[in-house]
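A.B. asks: Just so you know, this note's numbering puts 408 at position 393 of the sequence shown, and the rest follows in order with no gaps.
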Amino acid sequence: MPFRLLVPLGLLCSLLPLHHGAPGPDGTAPDPAHYSFSLTLIDALDTLLILGNVSEFQRVVEVLQDNVDFDIDVNASVFETNIRVVGGLLSAHLLSKKAGVEVEAGWPCSGPLLRMAEEAARKLLPAFQTPTGMPYGTVNLLHGVNPGETPVTCTAGIGTFIVEFATLSSLTGDPVFEDVARAALMRLWESRSDIGLVGNHIDVLTGKWVAQDAGIGAGVDSYFEYLVKGAILLQDKKLMAMFLEYNKAIRNYTRFDDWYLWVQMYKGTVSMPVFQSLEAYWPGLQSLIGDIDNAMRTFLNYYTVWKQFGGLPEFYNIPQGYTVEKREGYPLRPELIESAMYLYRATGDPTLLELGRDAVESIEKISKVECGFATIKDLRDHKLDNRMESFFLAETVKYLYLLFDPDNFIHNNGSTFDAVITPYGECILGAGGYIFNTEAHPIDPAALHCCRRLKEEQWEVEDLMREFYSLKRNRSRFQKTTMSSGPWEPPAGPGTFSSPENHDETREKKPAKQKIPLLSCPSQPFTSKLALLGQVFLDSS
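Structural data, given as structure tokens:
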């Protein structure tokens with residue numbers, strides 16, 4: 016297929032500016048001091064393996080181990096750092112053995128990339144220290160939350176952590192990550208309107224909605240996505256029930272002729288009759304809950320927009336059938352291709368392959384430049400912008416490749432698997448069922464259950480020992496009581512005898528945080544080698 020020729024150039028050149036002297040995000044010349052938090056290598060790492068480039072995967076893993084340091088004075092987007100860096104490192108960690116990387120004893124429940132992911136995630140935890148449990152949008156990786164940081168965060172920036180953070184808790188045994196992610200999810204759920212909708216931005220200190228537009232697109236999208244994917248990954252019926260309740264409200268108030276509009280969250284009245292390109296993930300999400308017919312109808316609506324422009328404009332006015340002013344660009348987003356991949360796996364409908372073909376032809380014809388694939392600044396005249404987003408490599412390339420590669424290991428239906436011997440026993444991995452985070456980083460759910468089982472067995476032993484000593488103390492108290500003149504009474508105080516409730520509470524508080532060796536600081540800092548090779552999250556990210 017033509018995309019096999021398109022991919023290598025993009026991967027080789029993606030880590031450089033599109034040409035020498037290319038401007039930074041603000042239009043100025045790139046400054047190494049401002050590009051110290053590189054992410055493109057991490058974001059594109061699992062794409063290399065999915066495309067079969069094992070040697071480059073191994074090389075990049077070595078580069079990351081030798082050079083990454085998150086102790087830097089940079090203001091980072093909590094949301095983006097989680098989905099790109101934490102998610103990318105977790106995925107690469109779980110795929111390392113398949114890529115031929117030598118793994119340490121105890122893998123997949125330990126490993127250098129896992130420790131990097133944990134370190135990056137710990138840098139984000141201060142953002143969750145709010146009265147509501149909903150995180151700030153930005154955190155300084157060295158100093159925590161800045162004193163003047165705005166408390167207003169988008170809904171997706173609050174509800175898009177459960178996949179990565181629950182994975183991290185399951186692999187490391189430290190429940191703090193999953194705990195804060197669940198607390199944020201539940202606070203959003205409790206903040207929905209009487210008609211079952213959530214707004215776009217909320218104050219994380221007061222819990223009051225600042226932007227009351229409700230929809231499935233920008234600022235909200237991955238919250239809904241993570242309720243479904245978190246439910247599947249963790250086999251959590253409560254998360255799925257939450258999504259299904261939202262889905263009813265979304266159908267009742269935002270859906271019109273298989274389009275989804277923006278409405279006022281309390282009244283349900285239309286506020287913006289637009290389609291945003293980010294909304295194109297929705298048919299793929301519908302396919303995950305088995306709603307194929309509705310998914311295909313909505314997908315075909317979105318596909319007509321693609322055929323009209325050769326891409327999806329950021330905003331499309333549905334009544335007028337045209338782009339919205341200053342929102343005419345297409346930064347090579349993956350969402351429609353993502354939905355095509357999911358739906359093709361579910362239906363085998365050749366129309367979905369036609370979209371893939373059109374996407375390949377559009378990207379090659381319009382976006383291909385000397386060293387990479389440029390963002391389309393305006394779909395009306397196909398003018399280009401001098402930048403390429405890391406999600407093009409992490410998501411767009413990956414989903415296109417998987418659409419046309421039915422035999423890829425990602426599509427494993429359980430017919431094959433890997434049996435991994437660890438010091439704790441045998442684990443079954445790679446049997447399929449991968450869950451993609453919102454940056455298209457695949458997570459193997461079997462690893463979570465393998466590591467969680469080991470942790471739970473350890474907790475059960477500790478609980479049994481605790482119960483044994485508790486009973487021993489109680490027997491001693493009983494003997495002392497019967498020797499006294501008064502009648503025997505049970506010792507006062509909760510938890511004297513182990514009840515199922517106390518037993519569960521005790522287990523939830525375990526395990527204690529594992530001692531993880533600190534990353535060594537390289538003699539040549541991460542900034543000097545990768546300063547211009549990736550992107551950085553600044554205040555405006």
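Here a beta-carbon is modelled for each residue, glycine too, at the ideal position from N, C-alpha and C.
Nearest-angstrom Cα distance between residue 172 and residue 234?
C.D. replies: Numbered from its first residue, the sequence shown carries residue 172 at position 157. Numbered from its first residue, the sequence shown carries residue 234 at position 219. The straight-line gap from Cα to Cα measures roughly 7 Å.
A.B. asks: For residue 242, which option in 452, 457, 460 and 459 has the closest C-alpha, if you only look at C-alpha atoms?
C.D. replies: Mapped onto the sequence shown, residue 242 falls at position 227. Of 452, 457, 460 and 459, the residue nearest in Cα terms is 452.
A.B. asks: Mind checking which residues open and close the beta strand (DSSP E) that includes residue 155?
C.D. replies: Along the sequence shown, read from residue 1 onward, the residue named residue 155 stands at position 140. Run containing residue 155: 153–155, per the beta strand (DSSP E) assignment.
A.B. asks: Run the CB neighbour count on residue 458, radius 10 Å, all protein chains shown included, and call it buried at 16 or more, exposed below.
C.D. replies: Residue mapping note: residue 458 aligns to position 443 of the sequence shown, counting from 1. Buried, by the Cβ-count rule.
A.B. asks: What is the rounded straight-line gap between the Cα of residue 382 and the Cα of residue 360?
C.D. replies: Here residue 382 corresponds to residue number 367 of the sequence shown, with the count starting at 1. Here residue 360 corresponds to residue number 345 of the sequence shown, with the count starting at 1. Each residue's alpha carbon lies about 28 Å from the other.
A.B. asks: Straight-line CA distance for residue 317 to residue 288?
C.D. replies: Indexing the sequence shown from 1 puts residue 317 at position 302. Indexing the sequence shown from 1 puts residue 288 at position 273. The alpha-carbon atoms of residue 317 and residue 288 are separated by roughly 14 Å.
A.B. asks: Would you mind listing the alpha helix (DSSP H) stretches within the segment 408–458 that are 4+ residues and don't spill past its ends, in chain order?
C.D. replies: The qualifying runs are 412–418.
A.B. asks: Along the beta strand (DSSP E) that carries residue 324, what are the first and last residues, could you check?
C.D. replies: The residue labelled residue 324 in the question sits at position 309 within the sequence shown. Unbroken run through residue 324 is the alpha helix (DSSP H), 307–324; no beta strand (DSSP E).
A.B. asks: Tell me the DSSP bridge mates of residue 464?
C.D. replies: The count along the sequence shown starts at 1 and reaches residue 464 at position 449. According to DSSP, residue 464 bridges with nothing at all.
A.B. asks: For residue 210, which of 89, 151 and 266 has the nearest alpha-carbon?
C.D. replies: Walking along the sequence shown from the start, residue 210 turns up at place 195. Among 89, 151 and 266, the Cα nearest to that of residue 210 belongs to 266.
A.B. asks: Tell me residue 332's beta-bridge partners as DSSP assigns them.
C.D. replies: The residue labelled residue 332 in the question sits at position 317 within the sequence shown. DSSP, once it has assigned bridges, lists 289 and 337 as partnering residue 332.
A.B. asks: Name the one or two DSSP bridge partners that residue 383 has.
C.D. replies: Counting from one through the sequence shown, the residue named residue 383 turns up at place 368. Paired residue(s): 388.
A.B. asks: Between which two residues does the alpha helix (DSSP H) containing residue 574 stretch?
C.D. replies: Residue 574 is absent from the model: the chain starts at 16 and stops at 556.
A.B. asks: Considering residue 92, what are the terminal residues of the beta strand (DSSP E) in which it resides?
C.D. replies: Along the sequence shown, one-based indexing puts residue 92 at 77. Note, residue 92: beta strand (DSSP E), 90–92.
A.B. asks: DSSP state of residue 112, grouped into three classes?
C.D. replies: One-based indexing of the sequence shown puts residue 112 at position 97. Coil.
A.B. asks: Assuming contact is defined by CB atoms lying nearer than 7 Å, are residue 1 and residue 57 in contact in what I supplied?
C.D. replies: Any property of residue 1 remains undetermined from this structure, which presents the chain solely from 16 to 556.
A.B. asks: Judging by CA-CA distance, which residue of 291, 204, 186 and 143 is the nearest neighbour of residue 219?
C.D. replies: Start at 1 with the first residue of the sequence shown, and residue 219 comes out as number 204. Ranking 291, 204, 186 and 143 by Cα distance to residue 219 puts 143 first.
A.B. asks: Name the residue from 148, 155, 128 and 145 whose alpha carbon lies nearest to the alpha carbon of residue 138.
C.D. replies: For the purposes of this step, residue 138 is taken as the residue at position 123 of the sequence shown. Comparing Cα-Cα distances from residue 138 to each of 148, 155, 128 and 145, the minimum goes to 155.
A.B. asks: For residue 362, which of 67, 445 and 308 has the nearest alpha-carbon?
C.D. replies: As a first step, residue 362 is located in the sequence shown; it is residue number 347 there, counting from the start. Selected option, being the one with the closest Cα: 308.
A.B. asks: Is the shortest distance between the beta-carbon of residue 411 and the beta-carbons of chain C less than 7 Å?
C.D. replies: Considering every chain present, this structure includes no chain C. It has just one protein chain.
A.B. asks: Residue 109 and residue 132 - do their beta-carbons sit closer together than 7 Å?
C.D. replies: Residue 132 sits at position 117 when you count from the first residue of the sequence shown. Residue 109 sits at position 94 when you count from the first residue of the sequence shown. No. Outside cutoff.
A.B. asks: In terms of DSSP beta bridges, what is residue 271 paired with?
C.D. replies: Within the sequence shown, the letter at position 256 stands for residue 271. Partner(s): 274.
A.B. asks: Based on Cα-Cα distance, which residue from 410, 270, 324 and 402 lies nearest to residue 377?
C.D. replies: Locating residue 377 in the sequence shown gives position 362, where the first residue counts as 1. Among 410, 270, 324 and 402, the Cα nearest to that of residue 377 is on 324.
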